[in-house]
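With positions in the sequence shown counted from 1, the corresponding number in my numbering is that position plus 14. Ideal placement from N, C-alpha and C gives every residue a C-beta, glycine not left out. Everything below concerns the one structure shown next.
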Amino acid sequence: MPERGYAVICLKTTGLFPYQRDRVVEVAVVHLDEGGRIAERWETVINPGSNAGDVANHGVSTAELLRAPTFEQIAPRLVDLLRGRVLVTHNAQFVTGFLMREFELIGYAPGRGLEAVCTMQLARTYLPGAGRLLVDCCAAYDIEIGPGPGALVQGVACASLLAAYVHGSPTAAPWIDALDRAERSAWPRIAAGTDAEWVQRDPLTPRDVVARPSFLARAAVKLPDYTGPEEHLDYLALLDLCLLDRVLGPRETHELRVLAEFSGINAAECTALHRRYFEDLVRVAWSNGALSIADSADLIAVARMLDVAPEVVAAALAAPASVVQLPIASIDTVLLEQGDIVVLTGDMARARSDWSRELVARGLSLGTAVTLRTRLLVAADPASLTGKTGKARDYGIPIVSEFGLRSLIGVR
């Protein structure tokens, strides 16, 4: 009987559309126990056959792919790692689409399909105001994502995000229900004889670490949350991937339209989503007060990819779009009331457990992540540049030191 728990899975692929010619080139699996604690992790590169895609997109070299096993060879162990566990990933529609296609190509079918918990969709509940990208969701909890492009790096970050959700959940009931359903899911074993050893990618070298992300990568992290239908959020998340990889050519545009139709998004809604995406990027670009020539070129390229009307593009680049700036409240205007959420970050002089008891005794709620609902962030170093302090500044949430907190609540 498999042990209860969660299996976080992350993939690297040759492209974005599994039902054409794109394939998986790397898979990582991270196990968490039923209490949300990270237990074990595995990774392997995968030889996709004839289509290796653009190495710049997935980061796996041709030499690594040539010595890697095929998906059929790693599938027996992969199925064993997933069996009986809650499948978890970030942007589940994308990941499960590729998994189902790879399983289909080797003639394998999970008994009840692929039901996955999506940490991107769960951010709507646990991280109101957060964007779609994994790095943005992790920043709210100060979860650091390691260097390098590997699937395991993303997998560990997603597992840490899931752990934060589980530990911060007001009730264990949804998680227990998911664990119970996973135990009943059928994952037929794959006959022995086709399996092979998993092969890790080569160690990280200095050239693999990108010193500064592109404008689009920086802007995508700051894109606002989307509160519309889930299928629209999935579509916008795929746009993130398309534009970050700059792979939205004619074939990809056609595939996006097919995906939109499959998800029940009609042509008018698709056009509106494209325009919204472009306008959100423009607002982020103008938030610094000026557009560089390179940023303008990137925005024009995005507009062409999304078929945004030329007059909309011209107006956006000619003058700043209306940007809603949330003013950062002064400590002098902060008045904490019962039920307000306070988040602590950094190593403080007073033990975190002592502060927790103090705040709870005064009717305040202790939060674990910085969201739009947070009233105050208490930082060991308010001037530090961390995920939580960055989120607080974006949301206009006051940041105070430990001494400032003492003053606010009248503790000597």
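A Cβ-Cβ separation of about 18 angstroms leaves S379 out of contact with I413 under the 8 angstroms criterion. Using a 10 angstroms sphere on the CB of D191, the tally of other CB atoms stays under 16, which defines it as exposed. Relative to the Cα of L386, the nearest Cα in the group G377, I120, Y140, L46 belongs to Y140. In the three-state scheme derived from DSSP, where H, G and I count as helix and E and B as strand, L295 is classed as helix.
Residue range 38 to 47 is occupied by the beta strand (DSSP E) that includes A42. In the structure shown, the three-state DSSP call for A123 is coil.
Straight through space, the alpha carbons of A328 and E48 are spaced by roughly 53 angstroms. Counting only runs that start and end inside the stretch 122 to 191, the alpha helix (DSSP H) elements of at least 4 residues fall at 133 to 140, 148 to 153, 165 to 182. Counting along the chain, the unbroken alpha helix (DSSP H) around I88 starts and ends at 85 to 96. In this structure G143 touches Y409 by the C-beta definition: roughly 6 angstroms separates them, less than 8 angstroms.
Counting of Cβ neighbours within 10 angstroms places H288 among the buried residues, the total reaching 16 or more. If you draw a straight line from the Cα of A274 to the Cα of T84, it comes to about 31 angstroms. Under the DSSP assignment, I423 falls in the alpha helix (DSSP H) whose first and last residues are 416 to 423. Taking 9 angstroms as the cut-off, the beta carbon of L119 is found no closer than this to the beta carbon of M134.
In the displayed model, A406 falls within a helix according to three-state DSSP.
With respect to the C-alpha of E197, the residue from I157, D209, E129 having the closest C-alpha is E129. Residue state for W56 is assigned as strand, using DSSP reduced to three classes.
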